[in-house]
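Structure first, then comments.
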Amino acid sequence: MALDFADKAAIAGVGYTEFSRNSGVSTLTLALRAIMAALEDAGLPPDRLDGIATHRVGDSIPAAIVAQAMGITDLRYFTDHFGGGGSSHAVVGQAALAVASGVADYVVCYRAINARSEFRMGGTGRPAVDSIETQYQAPYGYVAPPQQYAMVASAYMHKYGITERHLGAVALTQRAYAAANERALMRTPITYEDYLASRWVAEPFRLLDCCLETDGAVAILVSSAERARDLAQRPALIRAAAWGGGQTLLSNRQPEPGTSSAARMAPRLFRMAGLTPADIDLAMIYDCFTAAVPLQLEDYGFCAKGEGGDFVLSGATAAGRSLPVNTHGGFLSEGYVHGWNHIAEAVQQLRGAAGARQVAGADIALSTGAPGYVGGVTSALILRRDL
Amino acid sequence: MTDRPVPVPDRDSAPFWDGVHAGELRLQRCGGCGAYRWPARAICNRCHGFEAEWVAVSGRGTVISWIRTHQPFMRAFQDDVPYITIQVQLDEQDDIQMIGRLADPGAQPVIGMRVRADFSDRPLVVWQPLGS
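Heads up: the protein sequence lines correspond to chains A and B, in order. The first sequence lines up with residues 2 to 388 when you count with this note's numbering. The second sequence lines up with residues 6 to 137 when you count with this note's numbering.
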């Protein structure tokens with residue numbers, strides 16, 4: 002049975018900036034553009050906003066500054082969460098709790114980053130802020146997310162017989178989706194040979210295993226379902242939201258790198274929704290790197306442990322098949338806004354507004370945050386088309 | 006190279022690095038339940054005891070993962086790419102896992118390889134294949 006919380010809150014609006022390699026503007030400007038786009042999408046006057054929420058890792062403008070810029074004089078709810086992509090869906094889930102409880106009426110959640118032109122996750126070698134592990138890892142030249150996820154992938158691939166054939170299938174499938182997405186940064190179709198020929202970044206990852214460092218912002222407007230129904234768009238109901246206790250290799254509780262924190266969280270998420278993986282029509286799976294997709298397909302219960310690679314290779318996640326995954330092209334091909342463009346794409350699909358890439362019968366969508374290896378937390382949402 | 010980052014001990018971890026300096030791999034062992042803790046921290050995540058003593062462990066472990074970095078993520082390592090980094094699981098407890106490298110940077114690790122801690126490159130711990 003679903004929790005009382007199910008379907009009480011909704012996503013009423015989504016807003017994007019352009020995704021680019023150099024926005025030429027501040028993260029404050031990006032945030033404001035995405036927020037105004039989300040309000041316009043929903044048809045909500047800006048003076049009705051009373052909540053603001055984001056997460057960041059020392060790479061973006063504080064939520065309070067954005068609230069001030071938006072002229073919110075009586076801020077009834079705020080979140081300025083320290084964290085990366087594992088926090089993305091938690092920020093929206095917590096806003097849902099706030100509006101469902103009546104603490105606030107309209108909370109705009111956003112992530113705004115110049116992740117290519119200012120703060121490159123993978124390019125600067127800038128170690129994570131506030132991280133106790135830096136002292137144990139940076140002296141070995143090990144600091145960047147591609148290395149951290151490559152280390153996970155290497156153990157995972159060895160244990161379960163996942164190969165470059167499987168990782169390549171993730172990259173190809175998502176690029177095929179991106180071809181039909183005018184927002185995507187990378188739309189040229191690729192072959193398996195192109196994948197194999199792309200340069201090594203951190204073995205077992207090639208360039209085409211890695212997401213796109215992107216400048217951009219996405220904003221998600223959350224309100225009660227009731228209020229959302231009075232706005233311009235068909236609401237995407239928040240059926241369930243879950244938070245996962247993070248395990249990193251330094252947590253002293255994670256002996257097996259090939260299983261993520263999502264494996265413990267997923268049963269709770271589905272219980273809260275009163276649903277099972279078989280009820281999910283499409284999924285946005287956090288694809289910071291290719292290997293994260295099969296790994297989470299397993300951890301969320303779409304297939305058995307170790308079968309995620311074959312699941313993707315079979316074509317099951319491609320357009321028109323049993324579980325379309327990352328229908329915008331994902332972080333690998335659309336752009337990487339740390340989980341937020343996944344939520345926005347799920348909403349577009351549930352509205353039936355995804356254009357050439359629209360999934361037929363898109364009623365229930367899963368969207369996932371980073372699976373916890375780096376930041377130590379994970380989060381996910383199940384969204385439902387309001388009937 | 007001189008601009009490589011060196012370990013910067015904090016108030017919890019200083020005894021670990023003192024151990025490395027002395028040529029020993031030392032971990033906290035819980036005074037309540039005997040579980041090892043690493044990285045250093047005040048509380049046991051099993052029994053929640055604050056008591057702990059620093060003890061030398063065998064320094065033996067198994068390579069459970071490895072990567073080869075080609076992209077020069079850090080300026081100090083730009084002349085070293087491609088270089089290999091390994092993840093070692095200690096014999097004492099399967100959830101204690103350290104990032105490091107083999108003592109011979111040119112050696113190719115395999116998953117399952119048995120290794121022991123080596124202190125020839127202090128202040129870092131590096132790893133030697135067992136039996137070598």
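Note that the Cβ used here is the ideal one computed from N, Cα and C, for glycine as well.
Next on the checklist: Per DSSP, what are the beta-bridge partners of A/Tyr107 in this structure?
Outcome noted: A/Ser224
Checklist entry - Nearest to A/Asp60 by CA position, among A/Ala284, A/Val338 and A/Met266, is which residue? => result A/Val338
Checklist entry - In whole angstroms, what separates the C-alpha of B/Asp8 from that of B/Val130? => result 18 Å
Checklist entry - Going along the chain, which residues of its own chain have a beta-carbon closer than 7 Å to the beta-carbon of B/Pro44, five neighbours each way excluded? => result Ser18
Checklist entry - Anyone know if the C-beta pair for B/Val25 and B/Phe124 falls short of 8 Å? => result yes
Checklist entry - Residues of chain A with CB under 8 Å from B/Ile69, in chain order? => result Ala156 and Pro258
Item to check | Buried versus exposed call for A/Gly16 [16 or more other C-beta atoms within 10 Å across all chains shown] | outcome: buried
Item to check | Unbroken beta strand (DSSP E) run spanning B/Gly37, endpoints | outcome: B/Gly37 -> no beta strand (DSSP E), and no H or E assigned at all.
Next on the checklist: Rounding to the nearest angstrom, what Cα-Cα distance links A/Pro295 and A/Tyr301 in this structure?
Outcome noted: 10 Å
Item to check | Range covered by the beta strand (DSSP E) that runs through A/Ile344 | outcome: Segment Trp341 to Arg352 is the alpha helix (DSSP H) holding A/Ile344; no beta strand (DSSP E) there.
Next on the checklist: Counting only C-beta atoms, is A/Val348 closer than 8 Å to chain B at any point?
Outcome noted: no
Next on the checklist: To the nearest angstrom, how far is the alpha carbon of A/Tyr150 from that of A/Tyr374?
Outcome noted: 8 Å
Item to check | Rounded separation between A/Arg22 and B/Arg31 - CA only | outcome: 46 Å
Checklist entry - Can the beta-carbon of A/Leu238 be found closer than 8 Å to that of A/Asp8? => result yes
Item to check | Burial state of B/Ala40, where buried means 16 or more other Cβ atoms lie within 10 Å | outcome: buried
Next on the checklist: Just to confirm my understanding: we take A/Phe79, look at its own chain, exclude 5 residues before and 5 after, and list those with CB closer than 8 Å. What are they?
Outcome noted: Gly52, Ile53, Ala54, Ala64, Ala65 and Ala68
Checklist entry - B/Met118: buried (16+ other C-beta within 10 angstroms of its C-beta) or exposed? => result buried
Checklist entry - Since A/Val294 is in the beta strand (DSSP E), which residue starts that stretch and which ends it? => result Taken as a continuous stretch (DSSP letters only), A/Val294 belongs to no beta strand (DSSP E), being part of the alpha helix (DSSP H) at Ala293 to Asp300.
Checklist entry - Where do the ends of the alpha helix (DSSP H) carrying A/Gly331 lie? => result Gly331 to Ser334
Checklist entry - Any idea if A/Thr215 is buried or exposed, counting beta-carbon neighbours within 10 angstroms, 16 or more meaning buried? => result buried
Item to check | Candidates B/Ser70, B/Phe78, B/Gln83 and B/Asp84: closest to B/Leu107 by CA position | outcome: B/Ser70
Item to check | Interface partners of A/Tyr141 on chain B, CB under 8 Å | outcome: Thr90, Ile104, Gly105, Arg106 and Leu129
Checklist entry - Is B/Met103 helix, strand or coil when you go by DSSP? => result strand
Item to check | Pick from B/Met103, B/Gly111 and B/Asn50 that is closest to B/Arg121, judged by C-alpha positions | outcome: B/Met103
Checklist entry - Between the C-alpha atoms of A/Met273 and A/Trp244, what's the straight-line distance to the nearest angstrom? => result 12 Å
Checklist entry - Cβ of A/Thr18 within 8 Å of Cβ of A/Ala35? => result yes
Checklist entry - Rounded C-beta distance between B/Gln33 and A/Ala203? I'm assuming under 8 Å. => result Not confirmed; about 31 Å, so no contact.
Next on the checklist: Short of 6 Å in beta carbon distance, which residues of its chain neighbour A/Gly124, apart from the five on each side in sequence? Order them along the chain.
Outcome noted: Per-residue confidence for A/Gly124 stands at a pLDDT of 49, beneath the threshold of 50, marking its modelled position as unreliable; the derived number appears in the next sentence. Once the five neighbours on either side are set aside, A/Gly124 has no close Cβ partner at all.
Checklist entry - Around the Cβ of A/Leu388, are there at least 16 other Cβ atoms within 10 angstroms (buried) or fewer (exposed)? => result exposed
Item to check | Neighbourhood of B/Trp22 by C-beta distance below 8 Å, restricted to the same chain and skipping five residues each side | outcome: Pro12, Pro14 and Pro128
Item to check | Anticipated Cβ contact below 8 Å, A/Ser24 with A/Asn115, distance rounded | outcome: 6 Å
Checklist entry - So, is the C-beta of A/Ile147 closer than 8 Å to a C-beta in chain B? => result In the sequence as presented, Ile is not what sits at residue 147 of chain A; that position holds Pro. It does; some Cβ of chain B falls within 8 Å.
Item to check | Beta-carbon spacing of A/Leu186, A/Leu213 below 8 Å | outcome: yes
Checklist entry - If you compare alpha carbons, which of B/Asp96, B/Glu29, B/Asp99 and B/Ile116 is closest to B/Thr90? => result B/Ile116
Checklist entry - Per DSSP, B/Thr90 is paired with what? => result B/Ile72
Checklist entry - Does the segment 340-351 of chain A come close enough to the segment 217-226 of chain A that 3 or more CB-CB pairs lie under 8 Å? => result yes
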